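The structure appears right after this line, and notes come after that.
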Amino acid sequence: MVGLAEFFERKPDVEVVVFAGKGGLGKTTSSAALSYYKAVNEGKKVLCFSTDPQASLSDIFERDLFGKGIIEVAPNLHVVEIDADKNIASYQQEIKQKILDMYELDELPKEIEEYIDSTSAEPAMYESATYDAMADLVSSKEYDLYVFDMPPFGHGVRMVAMAEILSAWVDKITEARKEAAEYEAVASTLRGGVETEDMILKELGEIRRKMDTFTGLMTNSEKTAFFMVMVPEKMAILDTERALAMFKELNIGMSGVVVNQTYPRDLLNKPDLPDFLKKKIEGQEDHLIEIREKFGDLVSALIPMYDREPKGLDMISHVAEDLMHSRRDLLWW
Ligand SMILES: Nc1ncnc2c1ncn2[C@@H]1O[C@H](COP(=O)(O)OP(=O)(O)OP(=O)(O)O)[C@@H](O)[C@H]1O
Ligand SMILES: [Mg+2]
């Protein structure tokens, strides 16, 4: 039987599942479906999480969740849709306050204020806010399963690479800080204390520890699973191959591939099938065979093309069933 149920039988200790892949192919749909199945069918305490500014989880669960904190949308199924812009703003505010406190200022120098404000325009800031929120949620250990619906850019691979870049960056600053501390210790003793430098170093140490724990979890294939969501189309095949190579470079194993929007082959037996649809279905055949050849056993689930957008708990429960126990008639091999 194809389907994610088989995967979870093999990997019962998985705590984090990440759906990655190009935009618009089914990451949010798969995240909602898996979360629903684990929570409602299996009674696990699940947290489904996203930072998509398009509020796609609100859209699929048909509830206003954006920036509203953790909300239980069905028994055991908790959803949180982080407003990353709001998080970035409060993060910047926090930095400003720290500088004010540390240097006992009443007001920030204008250039510093402008510099901090300008950082929100950087794409890395969005990713680091997402990353931070992920790390915080997972470290709470309150849930049996965390499902991350990756934001609609890149592959979600950059997200992971980010951790290593951040770690290296923290190490560099820590080193610089230690050096500065040696010089400043003398001056500070004259002023009556070494408090300030110690505080910064302590904070850097904490950031580093948090990142190490998180990276450790993300790269542990018994605990964390990455699935690429794709569709039976040429571009998606090329893209998934590229993503697989990128994951390899980061030393992260890809757990599997979810093939979404697959037409059931027995539709072809329908006598009144419109020619247009017939061509479309036949067109998928070659791609599905290629997917089988290229990704082999990595193909973990196939989800059919539905006659409407899967939205609302009722529809999600159908998708959940298809994701966990994929239908045989979707296989073209
Ligand atoms: N199997 C399917 N059958 C019919 N419609 C689908 C199917 N899967 C997804 N869709 C629809 O396709 C659109 C994109 O799906 P989804 O939002 O899950 O993709 P995504 O990868 O999360 O996109 P983004 O990268 O923008 O976040 C949605 O409108 C969704 O309802
Ligand atoms: Mg999405």
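Read left to right, the sequence shown gives residues 105 to 437 (the numbering used here).
Glycine included, each C-beta is placed from N, C-alpha and C at the ideal position.
Computed from a predicted structure; not experimentally measured.
What are the boundary residues of the beta strand (DSSP E) that residue 329 is part of? Position 225 of the sequence shown, counted from the first residue, corresponds to residue 329. Note, residue 329: beta strand (DSSP E), 328-334.
Going by C-alpha distance, which of 203, 193, 313, 338 is nearest residue 394? The sequence position of residue 394 within the sequence shown is 290, counting from 1. Among 203, 193, 313, 338, the Cα nearest to that of residue 394 is on 338.
Alpha carbons only, please: which of 224, 412, 164, 119 is nearest the one belonging to residue 244? Reading the sequence shown from its first residue, position 140 is the one you call residue 244. For the residues 224, 412, 164, 119, the minimum Cα distance to residue 244 belongs to 119.
Determine the DSSP secondary structure at residue 410, reduced to helix, strand or coil. As a working note, residue 410 is residue 306 in the sequence shown. Assignment of residue 410 by DSSP, reduced to helix, strand and coil, places it in the coil class.
Residues sharing a beta bridge with residue 177, DSSP: Start at 1 with the first residue of the sequence shown, and residue 177 comes out as number 73. According to DSSP, which records beta bridges pairwise, residue 177 is partnered with nothing at all.
Give the DSSP bridge partners of residue 366, in chain order. In the sequence shown, the residue the question calls residue 366 occupies position 262. In the DSSP output, where bridge partners are listed per residue, residue 366 has 408.
Any heavy atom of ligand 2 within a distance shorter than 7 Å of the CB on residue 131? Here residue 131 refers to the residue found at position 27 when the sequence shown is read from its first residue. Indeed, a heavy atom of ligand 2 lies less than 7 Å from the Cβ.
DSSP three-state assignment for residue 117, whether helix, strand or coil: The residue labelled residue 117 in the question sits at position 13 within the sequence shown. It is coil, neither helix nor strand.
Closest to residue 406 by CA distance: which of 152, 137, 122, 127 is it? Residue 406 sits at position 302 when you count from the first residue of the sequence shown. Distances from the CA of residue 406 to each of 152, 137, 122, 127 were compared; the closest alpha carbon is that of 137.
Can you check which of these residues, 187, 326, 130, 282, is closest to residue 309 by C-alpha distance? Reading the sequence shown from its first residue, position 205 is the one you call residue 309. Looking at the Cα atoms, 282 is the closest of the given residues.
In angstroms with no decimal places, state the Cα-to-Cα distance between residue 424 and residue 180. Within the sequence shown, numbered from 1, the residue matching residue 424 stands at position 320. Within the sequence shown, numbered from 1, the residue matching residue 180 stands at position 76. So the alpha carbons of these two residues sit roughly 15 Å apart.
Who are the near neighbours of residue 155 in its chain, counting only those whose CB is closer than 6 Å to its CB and skipping five residues on each side? In the sequence shown, the residue the question calls residue 155 occupies position 51. 186, 188, 234, 255.
Tell me, which residues are paired with residue 185 by DSSP? Sequence index remark: in the sequence shown, residue 185 carries index 81 (1-based). Answer by DSSP bridge pairing, in chain order: 154, 170.
May I have the straight-line CA-CA distance separating residue 418 from residue 145, to the nearest angstrom? Along the sequence shown, read from residue 1 onward, the residue named residue 418 stands at position 314. Along the sequence shown, read from residue 1 onward, the residue named residue 145 stands at position 41. Distance between the alpha carbons of residue 418 and residue 145 is about 13 Å.
Would residue 209 be called buried (16 or more neighbouring beta carbons within 10 Å of its own) or exposed? As a position in the sequence shown, residue 209 is number 105, starting the count at 1. With fewer than 16 other beta carbons inside 10 angstroms of its own, residue 209 counts as exposed.
In three-state terms, what does DSSP make of residue 159? Numbered from 1 along the sequence shown, position 55 holds the residue referred to as residue 159. Residue state, collapsed to three classes: coil.
For residue 287, does the count of other Cβ atoms within 10 angstroms reach 16, so buried, or fall short, so exposed? As a first step, residue 287 is located in the sequence shown; it is residue number 183 there, counting from the start. Burial call: exposed.
Simplified DSSP assignment, three categories, for residue 423: The residue labelled residue 423 in the question sits at position 319 within the sequence shown. Here residue 423 sits in helix by DSSP.
Following a CB-centred definition, is residue 117 positioned closer than 7 Å to any heavy atom of ligand 2? On the sequence shown, residue 117 is found 13 positions in, with the first residue counted as 1. Not under cutoff, so the answer is no.
Quickly, what does DSSP pair residue 124 with across the bridge? List them, please. Against the sequence shown, residue 124 aligns to sequence position 20. Residue 124 is bridged to 332.
Report whether the distance from the Cβ of residue 430 to the nearest heavy atom of ligand 2 is below 7 Å. In the sequence shown, the residue the question calls residue 430 occupies position 326. No.
Range covered by the alpha helix (DSSP H) that runs through residue 138: Within the sequence shown, residue 138 is the residue found at index 34, counting from 1. Taken as a continuous stretch (DSSP letters only), the alpha helix (DSSP H) holding residue 138 covers 131-140.
Rounded to whole angstroms, what's the CA-CA distance from residue 143 to residue 158? Just pull it up for me. The residue given as residue 143 occupies position 39 in the sequence shown. The residue given as residue 158 occupies position 54 in the sequence shown. Spanning the two alpha carbons is a distance of roughly 24 Å.
By alpha-carbon positions, which one of 321, 252, 358, 314 ends up nearest to residue 274? If you number the sequence shown from 1, residue 274 lands on position 170. Out of 321, 252, 358, 314, 314 has the C-alpha closest to the C-alpha of residue 274.
Hey, residue 121 and residue 335 are a contact pair by Cβ (cut 8 Å); roughly how many whole angstroms apart? Position 17 of the sequence shown, counted from the start, is the residue given in the question as residue 121. Position 231 of the sequence shown, counted from the start, is the residue given in the question as residue 335. Contact flag wrong, Cβ pair sits at about 20 Å.
Can residue 360 be considered in contact with ligand 1, in the sense that its beta carbon sits closer than 7 Å to one or more heavy atoms? Along the sequence shown, one-based indexing puts residue 360 at 256. The answer is no for residue 360.
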